[in-house]
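The sequence shown begins at 2 in the working numbering and counts up by one.
All C-beta atoms, glycine included, are put in the ideal place defined by N, C-alpha and C.
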Amino acid sequence: MLITNDKKTSCSELISRYALRMLIENAIASAVAFFHTTALSSSVAIRIDFDVLLTLVGQAVYRLLAQKLRGYEHSGADVVFRKFIDTPAKIVIATKEIEVQLNKRANNPILAQSGLINPPFKLPWLQNKTVRITLR
Numbered sequence: 002m003l004i005t006n007d008k009k010t011s012c013s014e015l016i017s018r019y020a021l022r023m024l025i026e027n028a029i030a031s032a033v034a035f036f037h038t039t040a041l042s043s044s045v046a047i048r049i050d051f052d053v054l055l056t057l058v059g060q061a062v063y064r065l066l067a068q069k070l071r072g073y074e075h076s077g078a079d080v081v082f083r084k085f086i087d088t089p090a091k092i093v094i095a096t097k098e099i100e101v102q103l104n105k106r107a108n109n110p111i112l113a114q115s116g117l118i119n120p121p122f123k124l125p126w127l128q129n130k131t132v133r134i135t136l137r
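This is the structure:
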C-alpha cells in the first residue's frame, strides 16, 4: 500500500524517489553521528553553513581514504576513523624529517598495501620537512 497525495507520479517513480531520499537522509544521519553536526560552533547562519561545509569536506576526505583501503571501500567515516586513524603512534621530530611510527595493529597490512605509507612526503607549511610513516 502506498499513501500519497501525488496523483500524477507513478508508483515506481515515487518508490525510486523515496529510495534516493532515504540514501541522502542516511548520509546526513551518519554525518550527525560522527562529525557532531548538531554541536555547531555558532548559531549565526554563516558559521552554520561553514560548519556544514567542513562536515561535508571531512566526509569526502574519509570517503577518498576508504577508497584506497582494500575491503573498506564502502565503509563510513566512523569505521575508517576507528580502524585506521584513531591509533597510537610514536612521533620522532628531527631537523629535516618527522617520522610517525605506528604501533602494530591488525589493519596495518591493509594500510601498507594501500600505498599510503610509502613514499615519504614533504609538508611545505612545516618548513618543508619530510614526513615518513613507518610500522613498528
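- The beta carbons of Q102 and A113 sit no closer together than 7 Å.
- Taking the Cα positions, I86 is about 45 Å away from I4.
- The count of Cβ pairs closer than 8 Å, one atom from the region 113-133 and one from the region 74-82, stays below three, leaving the stretches out of contact.
- The residue among V93, I94, A61 and K69 with its C-alpha nearest the C-alpha of A78 is A61.
- Straight-line measurement puts the Cα of I118 at about 12 Å from the Cα of L70.
- A direct Cα-to-Cα measurement between F51 and I29 gives close to 16 Å.
- Residue state for E98 is assigned as strand, using DSSP reduced to three classes.
- Taking the CA atoms as reference points, L15 sits about 10 Å from L21.
- For I134, the uninterrupted beta strand (DSSP E) run begins and ends at K130 to L136, by DSSP.
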